[in-house]
Amino acid sequence: MEENKGAESVARAIIAALDYASPLDARQAAFSFLESVKQGDVRLLAGTSFRLVSRNWPPEVRLHGFKLLQHLVRLRWGELNSHEQQDFAVTSVKVITEMADPQEQWALKSQAAQLIAEVIRSEGFNLWKEILPSLNAVCQQGPTEAELIAMLLRWLPEDVTIHNEDLEGDRRRTLVRGLTQSLPDIFPLLYNLLQNHFHAAIAEAGRGQFDSAKQHLTTVIASLNAVNTYAEWAPISDLAKYGLITACGFLLSSVDIRSHACDFFKIMAPRKRNTDCGSSEFDAAMHDICSFLTKASSEFLQRCHQNAAGLDQSEYEFAECLCESMVNFGSHNLHCIADGLLLNLFLEQMLGYFQHSKLALHASSLQFWLAFLKDLLKPKVPAQARDGSPTSGQDSVSGLADKEKKGMQICIDDHIYGVILDFSFQRMVKKTASPGGALEIWNDSYDSKGDYGLYRGRMLELVRLVSSYKPVVAAVKLFQRIESVFNSCASAPSPDKDLPLLESTQLALETVVASVFDGPCESADRNSPEVQQAFRAIQDSLRQLLSLNVSKPMYLKILARHFDALGPFLKFFPEVVHGVIKILFELLQLLPVADKDPSNNVRSVRLHICTSFIRIAQTADRSLLPHMKEITETVACLHAEGRLPRGEHNILGEAFLIVASAAGSETQERVLSCLLEPISKEWTQMEWQNTYLSDPSGLVRLFMDDATMWSIFHSITFFERALKRSGTQKNSPILQSDSNRTHPFASHLPWILPPLLRLLRSVHSMWSQSVAQALPPVVQNAMRMSQTEQAMLLGGSTSKVPKDPPSMADAVLNSMHGHETMQIKENDIRNWLKGTRESGYNVLGLSTTIGDCFFKCLDSSSVALALMENIRSMNFWHLRQLTHSVLTPLVKSCPTELWDSWLTKFLLPLFSHCYQVLTYSWTNLINEGRAKIPDIGGNFSSSDLQVEVMEEQLLRSLTREICSLLSVIASPGLNACLSLLEQVGHANRMESNVEGLEGLASNSLMCFLLKRNGPTFPVLQLSLEILCWPDGEAVAKLLSFCGAVILLAVSTNNPGLRAFVAKEMFSAIIRGLMLDSNAIIGADLVGLCCDIFTSLSNKDAACKEVLLSLPCITMHDLLAFEDALAKTSSPKEQKQHMKSLLLLATGDKLRALAAQKGAGAMTNISVRIRNPSLSMEQSTEEGGDVIGLAAIT
9 MEENKGAESV ARAIIAALDY ASPLDARQAA FSFLESVKQG DVRLLAGTSF RLVSRNWPPE
69 VRLHGFKLLQ HLVRLRWGEL NSHEQQDFAV TSVKVITEMA DPQEQWALKS QAAQLIAEVI
129 RSEGFNLWKE ILPSLNAVCQ QGPTEAELIA MLLRWLPEDV TIHNEDLEGD RRRTLVRGLT
189 QSLPDIFPLL YNLLQNHFHA AIAEAGRGQF DSAKQHLTTV IASLNAVNTY AEWAPISDLA
249 KYGLITACGF LLSSVDIRSH ACDFFKIMAP RKRNTDCGSS EFDAAMHDIC SFLTKASSEF
309 LQRCHQNAAG LDQSEYEFAE CLCESMVNFG SHNLHCIADG LLLNLFLEQM LGYFQHSKLA
369 LHASSLQFWL AFLKDLLKPK VPAQARDGSP TSGQDSVSGL ADKEKKGMQI CIDDHIYGVI
429 LDFSFQRMVK KTASPGGALE IWNDSYDSKG DYGLYRGRML ELVRLVSSYK PVVAAVKLFQ
489 RIESVFNSCA SAPSPDKDLP LLESTQLALE TVVASVFDGP CESADRNSPE VQQAFRAIQD
549 SLRQLLSLNV SKPMYLKILA RHFDALGPFL KFFPEVVHGV IKILFELLQL LPVADKDPSN
609 NVRSVRLHIC TSFIRIAQTA DRSLLPHMKE ITETVACLHA EGRLPRGEHN ILGEAFLIVA
669 SAAGSETQER VLSCLLEPIS KEWTQMEWQN TYLSDPSGLV RLFMDDATMW SIFHSITFFE
729 RALKRSGTQK NSPILQSDSN RTHPFASHLP WILPPLLRLL RSVHSMWSQS VAQALPPVVQ
789 NAMRMSQTEQ AMLLGGSTSK VPKDPPSMAD AVLNSMHGHE TMQIKENDIR NWLKGTRESG
849 YNVLGLSTTI GDCFFKCLDS SSVALALMEN IRSMNFWHLR QLTHSVLTPL VKSCPTELWD
909 SWLTKFLLPL FSHCYQVLTY SWTNLINEGR AKIPDIGGNF SSSDLQVEVM EEQLLRSLTR
969 EICSLLSVIA SPGLNACLSL LEQVGHANRM ESNVEGLEGL ASNSLMCFLL KRNGPTFPVL
1029 QLSLEILCWP DGEAVAKLLS FCGAVILLAV STNNPGLRAF VAKEMFSAII RGLMLDSNAI
1089 IGADLVGLCC DIFTSLSNKD AACKEVLLSL PCITMHDLLA FEDALAKTSS PKEQKQHMKS
1149 LLLLATGDKL RALAAQKGAG AMTNISVRIR NPSLSMEQST EEGGDVIGLA AIT
């Protein structure tokens, strides 16, 4: 009676806990009560739970009752004595018979079966032997009872297939051993369940008893689920011996349960042979598995061929499972059927899946063909014995694999390779937004099933693999594909719909040509039959390209891309080059010249056709050299007739330089001079310089002169292109042999750079306050950041950024000239300013790298005036560009003897300005959440969140660029003495080896700068600030600079520098360790602290003063730390001691080290309690763990 009341109380608590409409307090009270029952008396728990699973209670109560029983068996079984355990087991078996009701919920039946499985696992398999007869008897009672037994058999091996943390290794091994010994009892039982109830279901359905047939099918499905659980681990020989492989293979023909049967083969297909299974037994079982899969696949593919429209979704879902099973088999166990008809049949089915219109089937089979052919076609590597001598094929595993490969290669003929290429070409169409067409192409709705990039990459890799192995087949199939698509485009009523097809043929052409002519044919004799056949096929494709009669811009662009792809082919067969060049010029002349093209894309297509010359020049190597004169004359003619704008002329000029680079420095120099000569006549004229660069208003006049403005722009961009393309190129043996010659661009710097510097000085002046205020509104707007640039700072956001409200002057201009015209002009000026700055900076930076010509042909004062005069007016993005593109290359390339006359004029103003603006902005960001930088001022309201994001991005970008420059200044290449000092310092860290910085200034940039400026040098103060700013990436870039400063302070007798490092830098590094952002580099910062203390603490008392100023350290701790350092010479142990001391001294406030604390690092330090009153608090706070450096024994 008491137990009944207890069960009622628990049932009410369960209902209350699950009632989300109840008050929170009531639900929490119910949960607490249920937890107390679970942890209470185990016998009361058992009795109450068995009552809760009876049919008198609602399903949710019964379900919780089963959970309580399973909890008891899994976690509290040992609290019952042997008699109680036996009674519990008997009662549990009775529950199974009580659950045998067709109306019973599946979840409850599953939990009941799981309970019996838990009891058997806990009690041992002796119990299984005892209850097996009764379970067999239960099976005979009907399909519902049999279903419960099948569920029990499914749950029994759960701990084998699913890892449970509470199951120990020995217990797991005991379970596996017991299960394995019971397989002779379990497998026949499962086989009988499958056989008897499947035949019963067929019989009942034949008599029209569909409800009864459904019950039998449910039992079959439950039995298959159980079989699948054993398929993951049970010996394959046992699964075959007791007929389960055969049974599941037979069930593949049943529409209602074939998917469950296929899951069995999906699990079995990748199984590997175990030591307890003989080779012949394993191969025989796998042979049977493959036979069943190929038979089912053959039937499905035949149904598709006969009536694809009549197949429903379930058919395709079953086929997907079949295909995945065969892919698993082919990827792991294809060697089991290496010979015979079955292999041919298997490959035929996989080829059928590859050709299937359903994308899922094609994509799945693609994985098999790629892995299979990669393994089949990879070069043979001779096997070697351990002593390095080659082994015989008979005695090696690889020898057997080679024999299997030979047999498989016989089965793969040119027809199969051709089919693979055919259907790969058809599926090279780009991803579409929506499904459509008979052949499924990857679309947006398919993204949830896989990664498009991975699929496309696999397909291209497969095409490359086949093309490199079968170049003739690939070339022929490519021609057939191009011919088919081009003929379709020619006859299509709406050609625009065929654009994706044309794009796919370009990708196919590019892939095949690169694979064939950069692959097997590259080193072959061009007169060999194979090469000639491939040549004829590609030449046929080329004729198809030349025959396509199109005039629309997009078609011309795609056609030009086809010619781009022919580069490797042209390299091998230069006689074809003339025709390709001719057609490219014809394509260019089909399009009208349009400098500004807001309504269509003609201009972009023309530029793309011009860049085709660059792509071909890069891949065709020397094949274009004989045609240089013809190309040059054509370009000159078109340019003279006004049919080749300056920008396009620059692109073609870059192509000329690429071609010339293959012929040697002399040819390259002649071509460069030929290209630069007409530009120099305009560039060196003083008229335009005096007109537009003499006063601040000159650029405003320039912006009104479109022709001159863009002529200047294109001149600068061509200088940039020419600098990048001229000189010694990588992988160019001809030019590398001429590497001692003067750079071909060096002689042109004296006339290029002075006007460029004058122009850049004028551009820089536009941002000075006095000039900016007087500029017209359209120019002021153009100087602001564009919406595209803002979107980039916002992480690629496409949201529209609000524009400034128009001013009164803007309104007048808009009414006079039209808003659209003003917008175009504003964009033109913005693009010109941005492009001129970027290309101009690149020209200067690249010029510094071609020897000392840059420094000899220019006066450092004039360069500094042009670049640094208005540095305080530059915005952050502008300043970052200047530092990255000009100042960093300048520092890297400046000759040592010119450091004094050059670098001081650039670095001191840069660091002084950056120290002020960065400190101001970081202080604002940390304290107020806004960096308040000038780059985007006026574009937004001050409360706009986008402003905060962009400001912070710009601030971090400039900070990191300055840190990168500091790392360059501290680099070994500019400080030859530092590596020597470091080696000497390791040998004797306590003694100075050099009198002062003066002795090292001639070969160390760090010493040179510190000698001139000392500790007051702004960059040293800036480095202190950066260490304390929450930007881990910037601090990581700064580490090498800090390390160099520390090394110089230790190794030289410079009191000021030593005092700076011992006090200010040491303190700043410790503050940096308090930031989460420095967690990744926390160990490096600790290393710097250790270097400072171990090297300077005996020379400067400031080191110890810094440590003693920390809040939680005493003199005893410091003495203990010093004693520990003295006992070890290991840098690793010393750093660990330093880390432990800092954690103690700061009260564990070093968040950069928080993640590393308690990592179990080695230490010789033991703890002595220095204050008994604190010992209990520390023990409590740290959970009893020993911490800190209280004392050293």
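Its first residue numbered 9, the sequence shown is counted upward by one per residue in our numbering. In this text, a Cβ means the ideal position worked out from N, Cα and C, and glycines have one as well. The structure presented is a predicted model; accordingly, all values stated were derived computationally and were not measured.
According to the DSSP secondary-structure assignment, S1012 is paired through a beta bridge with N983. For the region 1046 to 1093, the continuous alpha helix (DSSP H) assignments of 4+ residues that do not extend past its boundaries occur at 1063 to 1067 and 1074 to 1080, in sequence order. Residue environment analysis places R845 among the buried positions, since at least 16 neighbouring C-beta atoms fall within 10 angstroms of its C-beta.
A direct Cα-to-Cα measurement between I157 and A121 gives close to 7 Å. In this structure, the alpha-carbon of E797 lies about 39 Å from that of L1096.
Counting the other Cβ atoms within 10 Å of the Cβ of R838 gives 16 or more, which makes it buried. With fewer than 16 other beta carbons inside 10 angstroms of its own, S44 counts as exposed. Cβ neighbours of K579 within its own chain (closer than 6 Å, five residues either side excluded): A628, D629 and S631. If you draw a straight line from the Cα of I490 to the Cα of R769, it is about 54 Å long.
Each of A248, S492, N236 and C331 was checked against the Cα of K366, and the nearest Cα belongs to C331. Going by DSSP, Y238 is part of the alpha helix (DSSP H) stretching over F218 to A239. A distance of 8 Å or more separates the beta carbons of L1032 and L1013. Cβ-Cβ distances below 7 Å link K1112 to S1105 and L1126 in the same chain, with the five nearest sequence neighbours on each side left out; the list follows chain order. Annotated three-state conformation of G859 is coil, per DSSP.
Residue burial annotation: G461 is exposed, with fewer than 16 other C-beta atoms found within 10 angstroms of its C-beta. Taking the Cα of P479 as reference, the smallest distance to any Cα among P66, V103, L429 and K249 is reached at L429.
Per DSSP, the unbroken alpha helix (DSSP H) holding D383 starts and ends at L367 to L385. Fully contained in the region 1083 to 1149 are the following alpha helix (DSSP H) runs of length 4 or more, in chain order: 1090 to 1104, 1110 to 1116 and 1123 to 1134. Closest option to E936, judged by alpha-carbon separation, among T182, E959 and Y923: E959.
E728 is positioned such that its CB atom lies no closer than 8 Å to that of V786. Per DSSP, the unbroken alpha helix (DSSP H) holding P686 starts and ends at S673 to W691.
In this chain, the alpha helix (DSSP H) harbouring V101 covers S90 to E106. Counted as a single uninterrupted DSSP element, the alpha helix (DSSP H) harbouring Q540 occupies residues P537 to S555. Contact check for I941 against L973 fails: the beta carbons are separated by 8 Å or more. For N932, the enclosing alpha helix (DSSP H) stretches over residues W907 to E936. Taking one beta carbon from each stretch, the region 333 to 344 and the region 293 to 305 have 3 or more pairs nearer than 8 Å; the two touch. Separation of the CB atoms of I666 and Q697 is rounded to 32 Å, and the pair is thereby denied contact status at 8 Å. Taking a C-beta distance under 8 Å as the contact criterion, I424 and A483 do not qualify as a contact pair. For K280, the number of other beta carbons within 10 angstroms of its own is below 16, and it is reported as exposed.
For W885, the secondary structure class from DSSP, reduced to helix, strand or coil, is helix. The DSSP-derived three-state label of Y28 is coil. If you draw a 10 Å sphere on the C-beta of D271, you find 16 or more other C-beta atoms in it, and that means buried. In this structure, G853 places its C-beta atom within 8 Å of the C-beta atom of P897.
Burial of Y563 is indicated by the presence of at least 16 other C-beta atoms within 10 angstroms of its C-beta. Taking a contact to require three or more Cβ pairs closer than 8 Å, the region 83 to 97 and the region 105 to 112 do not qualify as touching.
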